[in-house]
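See below for the structure under consideration.
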Amino acid sequence: MKSFSDSNAKINLVDVGLDFRSYENRRPSLKAALLGALKLGAKESNAKQVFRALDGVHLSFSPGDRVGIVGRNGAGKSSLLRVIAGIYRPSHGSVELEGFVVPLFQVGLGFQPELTGEENVEQAGALFGISREEMLKRADAIFEFAELEKFRQTPVKYYSRGMGMRLAFTSVTSIQPEILLLDEVFGGGDQGFREKAVGRMEELIERTPIVITVSHSMNILRRIANRILWLEGGKVIMDGPVDEVIEAYEKGFEA
Amino acid sequence: MANSSLVIVQNFLRQDLALKYRRSVLGFVWSLLNPILMLSAMTVAFSFLFSRDTGPGGFALHLFACLLPWQCLTACIGQGSKALISGEKILLQVAIPIWIFPMRRALFAITEYTLSLLALAIIVWFVGFRPSWSLLILPLSVLCLFGFGYGIAAISSVLVVYYRDTEHLISVILKAWFYVTPVLLPFTAIPENLLPYFKLNPAYYLLQMFDSPITLSELPPVETIVLAVVISSVAALAGSLVVARYKDEIVFRL
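Chains A and B are the protein sequences, given in the same order.
If you're matching positions, the first sequence starts at 248 in this note's numbering and goes up one per residue.
If you're matching positions, the second sequence starts at 728 in this note's numbering and goes up one per residue.
This is the structure in structure tokens:
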């Protein structure tokens, strides 16, 4: 593996906690709130439940770390990635981070259907602070890899689902991060493309100082990770070498 | 970080403009024709009502001076209020500052206004418009419009995330607001006894910043200049404060 001695990338999480407040009333209305305040109408229930998605998480990551995160659904895996990405601000504790972060999550990039493929590639770059000129330089390679050269000027609304996924995946993976966050994204699109995509992803991981991956696939994690975190109920249960943690995690399922 | 925010804003603005002008065959020409046709129709319809009370430029000039910035303002607020909820996918994917979303709408509205203003300037030559030095205040007028538009867009975009019905409320308010603002009614035709009430409306000052130099070829009253600057600064500041207060919570409420 490449050594990343020249990289300053680092992540320190100190006692990080994240609370989600889920409100009983998902669609509160201003009308009801105002009438409630004036005591004219029935006061809307504003009861909320606090759900602790992350609890007392102490972690640090340094260059060379290829971290896999395992845990059941709702264990806090995706929340942890979003806290590291700066999307969720932790309710407790602090995150210290250095390095250019690129998150690759399943929600998609908010591709605009009316815009052409090329314009959406520009937008994908812009969201990470990459200028239009720079992104246009990469566009040839992006469209070639995504096998969409003919559709570069076609609005994305005419793309099939697979085409859109191919373009989104290829655009984001054309950006070289210092910290790469992956949430169950390991290639996309149809079968033939998936193999190419996995190769591209592995190359990107190879070049990236810190990689953190959430996956349910132990095969993928065994292949790319050198450290596994096991999360349960928002807490880190185990943090160690790949085989050791995966073995314990899988035993935990049998029990 | 500041630099990458700039890249995002530029990108959004360029794409919003590209989209707007691509959607029709006539493109940019249509976006000029649209206000011209509307102004012509309204001039014919309303000039009978207000013929005696307008400045030397007549009713058409007043409409031109006030209707376009009014539409800019309603676009800022109407589009701006939806800015955050329509940015949901992006906000859940990348950590970018939320002010970018209302800013995008406000910049788009202002850019559209400026473009149509420049092109229409040629046309209004024919309805008796002659440039005067007082036009030099227009950049300040546009800045005030922008500051106010951004401030209100920022506040309403946050409010809509918490109370979704605000979106409909805002469109109703905008309609009512139109009738209490001298958009159709020439400034000179406002009845004396109602003037104090008109002056409670912030849009009165913002629009007079356009009306005086364009319709009357004179600078707006000092009171108007001062209040327009104050009102728009306060709105922009309030919008920024609301954004700063809710920036970390918004993403949990989308």
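Glycine included, C-beta positions come from ideal geometry on N, C-alpha and C.
Model, not experiment: these values are computed from the prediction.
Interface with chain A (7 Å Cβ-Cβ cutoff): Leu746 of chain B is included. Using a CB distance cut-off of 7 Å, Ile334 of chain A counts as an interface residue toward chain B. In the structure shown, Val483 of chain A adopts extended strand secondary structure according to DSSP, grouped into three states.
For the stretch 254-283 of chain A, the beta-carbon criterion of a distance under 8 Å to any beta-carbon of chain B is satisfied by Phe267, Arg268, Arg274, Pro275, Ser276, Leu277, Lys278, Ala280. Beta-bridge pairing by DSSP links Thr915 of chain B to no other residue. Exposed is the label assigned to Ile900 of chain B, since fewer than 16 other Cβ atoms lie within 10 Å of its Cβ. With fewer than 16 other CB atoms across the displayed protein chains lying within 10 angstroms of its CB, Ala903 of chain B is exposed. Around Ile377 of chain A, the beta-carbon contacts reaching into chain B at under 9 Å are Ser731, Val734. Rounded to whole angstroms, the separation of the alpha carbons of Gly318 of chain A and Ile467 of chain A is 15 Å. Distance from the CA of Tyr924 of chain B to the CA of Val949 of chain B, rounded to the nearest whole angstrom, comes to 19 Å. Within chain B, no residue has its CB atom less than 8 Å from the CB of Ala472 of chain A, the nearest being about 23 Å off. For the pair Ser859 of chain B and Leu865 of chain B, the Cα-to-Cα distance works out to about 11 Å. By the neighbour-count criterion, in which 16 or more other beta carbons inside 10 Å mark a residue as buried, Phe392 of chain A falls on the buried side. Annotation for Ala965 of chain B: Gly878, Ile882 place their beta carbon closer than 7 Å to its own, counting only its chain and skipping 5 residues before and after. In the DSSP annotation of this structure, Pro796 of chain B is not part of any beta strand (DSSP E); the continuous alpha helix (DSSP H) holding it starts and ends at 785-808. For Thr417 of chain A, the uninterrupted alpha helix (DSSP H) segment begins and ends at 408-419. Residue ranges of uninterrupted beta strand (DSSP E) with 3 or more members are absent from the stretch 860-922 of chain B; none lies entirely inside it. Under DSSP, the beta-bridge partners assigned to Glu345 of chain A are A:Lys257. The three-state secondary structure of Trp826 of chain B, taken from DSSP, is coil. For Gly303 of chain A, the enclosing beta strand (DSSP E) has its first and last residue at 295-308. Asp262 of chain A sits in a strand when the DSSP states are folded into three classes. Arg385 of chain A carries a helical assignment under DSSP once its states are collapsed to helix, strand and coil. In this structure, Phe347 of chain A lies away from Glu431 of chain A, with their beta-carbon atoms at least 7 Å apart.
Close to chain A, meaning a Cβ-Cβ distance shorter than 8 Å, are the following residues of the stretch 884-902 of chain B: Leu886, Tyr889, Tyr890, Arg891, Asp892, Thr893, Leu896.
Where Leu451 of chain A is concerned, the enclosing alpha helix (DSSP H) starts and stops at 438-454. By the neighbour-count criterion, in which 16 or more other beta carbons inside 10 Å mark a residue as buried, Asn367 of chain A falls on the buried side. Neighbours of Gly411 of chain A across chain B, judged by C-beta separation under 7 Å, do not exist; the nearest C-beta is about 13 Å away. Assigned with DSSP and collapsed to three states, Tyr270 of chain A falls in strand.
Against Val978 of chain B, the close residues of chain A are Ile334, Tyr335, in the order they occur along the chain (beta-carbon pairs closer than 7 Å). Gly481 of chain A places its beta carbon less than 7 Å from that of Gly323 of chain A. Counting only Cβ-Cβ distances below 9 Å, Gly323 of chain A has no contacts in chain B at all, with the closest Cβ about 15 Å away. Residue range 426-430 is occupied by the beta strand (DSSP E) that includes Leu429 of chain A, with no alpha helix (DSSP H) assigned at that position.
Annotation: the continuous alpha helix (DSSP H) that includes Val949 of chain B extends over 949-973.
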